[in-house]
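Using the numbering used here, read the sequence shown as starting at 1 and increasing by one per residue. These notes are about the structure you will find just below.
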Amino acid sequence: MTHPPLQFGPWALITGANSGIGAAFADELAARGYNIVLVGRQKTAIAQAARDLIQKHAIQTQEVIVDLSAPDFLRQISDQTSDLDIGLLVSNAGGDAMGALLRIELPKLKQMLRLNTATHLELTHHFGQLFEKRGGGGILLVSSTAGLQGTPFLGNYAGSKAYLINLGMALNYEMRGTGVNVTVLAPGPTKTPGLTDKPAIPLASLPAPQMKPGKVAQIGLKALAENRPFVIAGVMNQLLYFCGNLLGKTTGRNMWGLLLKGIIPKELNIR
Ligand SMILES: NC(=O)c1ccc[n+]([C@@H]2O[C@H](COP(=O)([O-])OP(=O)(O)OC[C@H]3O[C@@H](n4cnc5c(N)ncnc54)[C@H](OP(=O)(O)O)[C@@H]3O)[C@@H](O)[C@H]2O)c1
């Protein structure tokens with residue numbers, strides 16, 4: 001199979017590559033000819049995802065089984081990929097702990113905060129330096145539209161996703177002229193196991209359209225190719241953001257608060 005030259009190749013590393021948006025990135029990139037490093041916790045699921053990519057796209061893969069919230073995760077990734085010419089990082093894996101802040105155990109909140117912030121920071125720092133040295137590369141950080149306002153019952157998640165938006169946008173500016181592209185992608189509701197498979201709050205029941213993960217990945221990759229600092233996935237999510245800006249941050253927060261209050265289980269609310 002012949003492909004056009006790869007902008008960030010030959011290898012792309014994707015965290016959370018066996019499910020949802022991460023799996024969609026893996027499929028999109030493999031279809032373009034990238035070899036893929038699949039990073040995730042579940043050996044069997046990662047191995048199956050790798051086999052599917054090889055069969056469908058005739059590319060090479062490498063599997064790194066690691067808990068990204070563990071303190072030494074970066075050393076494990078670095079040790080197992082040091083012989084590969086990685087030119088693209090898709091820092092995608094994230095988690096949530098849903099409910100009113102005081103109803104969630106503090107260790108769970110802290111673990112999620114680490115996975116959604118410091119993990120992305122460490123990966124970005126490590127691969128950013130490598131890409132700077134090799135004279136080019138791409139960094140795609142997966143945030144969320146939840147990070148665009150204080151989203152009640154998802155406060156810690158929203159805060160962590162806001163961190164990613166500001167981190168990536170600042171880095172995009174700093175890396176100008178280095179050949180390293182940096183983009184933050186903010187998906188809204190997307191039909192993935194993370195959204196649909198029994199989360200603590202049934203977010204999939206909200207009256208909001210759910211995008212397909214493949215479409216979300218395509219939008220992120222297009223924005224990265226153009227070195228856009230920030231992109232919101234989909235016209236509907238962009239429209240909601242625009243309206244939220246017109247109405248003001250507090251009104252946007254109140255709107256989400258009302259929506260989520262309607263579906264949150266009693267035991268996860270304050271009263
Ligand atoms: N779906 C949405 O509506 C939506 C909307 C906005 C933003 N996002 C963001 O998009 C990203 C992907 O979400 P998704 O919906 O595609 O999620 P998903 O289907 O639940 O997949 C998440 C992936 O991340 C991996 N992961 C989670 N915690 C990990 C850890 N500690 N160490 C290693 N891997 C870990 C999971 O591996 P395991 O199988 O081991 O758990 C899985 O492969 C997340 O950052 C999420 O916040 C999603």
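Every residue, glycine too, gets a C-beta built ideally from N, C-alpha and C.
- At a Cβ-Cβ threshold of 8 Å, R253 and P187 do not count as neighbours.
- Its Cα nearest to that of I139, the residue L224 stands out among L224, L113 and I165.
- Beta bridge pairing from DSSP links T15 with V39.
- Residue I21 holds the alpha-carbon nearest to the alpha-carbon of V90 among I21, I201, Q76 and Q111.
- Each residue's CA atom was taken as its position, placing Q60 and A158 some 36 Å apart.
- According to DSSP, N181 shares a beta bridge with G138.
- Three or more Cβ pairs closer than 8 Å define a contact, and the stretch 42-53 falls short of that threshold against the stretch 212-221.
- The beta-carbon separation of H126 and L88, rounded to 14 Å, does not stay under the 8 Å limit for a contact.
- For D197 and D96, the gap between their C-alpha atoms comes out near 13 Å.
- Restricting attention to F25, H3, Q7 and P4, the CA atom closest to the CA of L13 is found in F25.
- Between the stretch 96-113 and the stretch 262-270 there are three or more C-beta pairs closer than 8 Å, enough to call the two in contact.
- Rounded to the nearest angstrom, the gap between the Cα atoms of I86 and W11 is 4 Å.
- The stretch 72-117 is shown to contain whole beta strand (DSSP E) runs of 3 or more residues at 86-91, in chain order.
- Leaving aside the five residues that flank G214 on each side, the residues in its chain whose CB is nearer than 6 Å to its CB run, in chain order, A24.
- In the DSSP annotation of this structure, the continuous segment of the beta strand (DSSP E) that includes Q62 starts and ends at T61 to I65.
- Here the stretch 160-170 makes contact with the stretch 109-125; the two share three or more CB pairs at distances below 8 Å.
- Of A17, M211 and L185, the smallest CA-CA separation from L167 is found for L185.
- Taken in chain order, the unbroken stretches of alpha helix (DSSP H) that lie wholly in the stretch 221-247 and span 4 residues or more are 235-247.
- A186 sits in a strand when the DSSP states are folded into three classes.
- In the three-state scheme derived from DSSP, where H, G and I count as helix and E and B as strand, M169 is classed as helix.
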